[in-house]
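Residue 84 in UniProt numbering is what sits at position 84 of the sequence shown, and the numbering runs on without skipping anything.
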Amino acid sequence: KFPKVVDSVHPNFRGILKFREDRCICCGACSKVCPTDARELILDREKGVMRNVHHADRCIYCAQCVKGCPTEAIYHTPEFDLSRTERGGWDTMVEKELIYCEACGEPFATREQLLHIGRKIGDLINANPTLLLVHYQQLGLAVPESAPAGALPYRSGTMRILCPDCRRKVYMTEQWGY
Numbered sequence: 001k002f003p004k005v006v007d008s009v010h011p012n013f014r015g016i017l018k019f020r021e022d023r024c025i026c027c028g029a030c031s032k033v034c035p036t037d038a039r040e041l042i043l044d045r046e047k048g049v050m051r052n053v054h055h056a057d058r059c060i061y062c063a064q065c066v067k068g069c070p071t072e073a074i075y076h077t078p079e080f081d082l083s084r085t086e087r088g089g090w091d092t093m094v095e096k097e098l099i100y101c102e103a104c105g106e107p108f109a110t111r112e113q114l115l116h117i118g119r120k121i122g123d124l125i126n127a128n129p130t131l132l133l134v135h136y137q138q139l140g141l142a143v144p145e146s147a148p149a150g151a152l153p154y155r156s157g158t159m160r161i162l163c164p165d166c167r168r169k170v171y172m173t174e175q176w177g178y
């Protein structure tokens, strides 16, 4: 094996990238900043998951994904030996559960992403019904059945898990009638 004696690496050395799966929220920040498309978000509607895939064979180890990750889920290791005899086995992947809008049925975030936002904003979570309801589900509290939009009481349409577009439509309908 080469080299026989391994020197210590510099503290700022950017070695092999690793995931902390428990911290990844599949928000897509890493895939947006990656200049080589080595990071990819894949939406799997059949399984109801979002996949964050790292294609290590495309990676140039620029550390943009490390800097862009809001939860510090991606980090560089001091490992530098990338030699292998097989071509496959480079990709790493994290899967997280999707949250679907109750109005349009489209996925708009992962559960972990909404919980992370809720933890960051603290008590302000009460101002956003979607974050509040997802937080209640996580705590195992009963989430009230949502009444159909327009049913009495008049504001019942807001206490549902909604994507930003549908939430805007609900508020515009209730406030201004469009």
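Glycine included, every Cβ here is placed at the ideal spot set by N, Cα and C.
Item to complete: In the DSSP assignment, find the beta strand (DSSP E) that holds residue 180 and state where it starts and stops.
Response: Here the chain comprises residues numbered 1 to 178, so residue 180 is not present and cannot be evaluated.
Worksheet item: If you count every other CB in all the chains shown that lies within 10 Å of the CB of residue 153, and 16 or more means buried, which is it?
Response: Confidence is the limiting factor: at residue 153 the pLDDT is only 48, short of 50, which leaves the residue's position unreliable and the question unanswerable from this model.
Worksheet item: So what does DSSP say about residue 10, is it helix, strand or coil?
Response: coil
Worksheet item: What residue range is occupied by the uninterrupted beta strand (DSSP E) comprising residue 132?
Response: Here residue 132 belongs to no beta strand (DSSP E); instead the alpha helix (DSSP H) covers 129-139.
Item to complete: In the DSSP assignment, find the unbroken beta strand (DSSP E) run with residue 243 in it and report its ends.
Response: A question about residue 243 goes unanswered here, because the residues of the chain that appear run from 1 up to 178.
Discussion item. Once the 5 residues before and after residue 92 are set aside, which same chain residues still bring their CB inside 6 Å of it?
Written reply: 19, 54
Discussion item. Please report the straight-line C-alpha distance between residue 112 and residue 131, rounded to a whole angstrom.
Written reply: 11 Å
Worksheet item: To which residues of the same chain is residue 28 closer than 7 Å at the C-beta, ignoring the five residues directly before and after it?
Response: 41
Worksheet item: Distance, Cα to Cα, residue 133 vs residue 158?
Response: 11 Å
Worksheet item: Name the DSSP beta bridge partners of residue 39, please?
Response: 54
Fill in: Sufficient close CB pairs (3 or more, under 8 Å) joining the stretch 28-38 to the stretch 68-85
yes
Worksheet item: In three-state DSSP terms, what is residue 5?
Response: coil
Item to complete: Counting only runs of 4+ residues fully inside the stretch 55-94, write out the alpha helix (DSSP H) ranges in chain order.
Response: 64-68
Worksheet item: When the Cβ atoms of the stretch 108-126 are set against those of the stretch 34-48, are three or more pairs found closer than 8 Å?
Response: no
Worksheet item: Smallest Cα separation from residue 7: which of 80, 23, 62?
Response: 80
Worksheet entry | Expected contact under 8 Å - CB spacing of residue 39 and residue 62 to nearest Å | Not a contact, Cβ separation roughly 11 Å.
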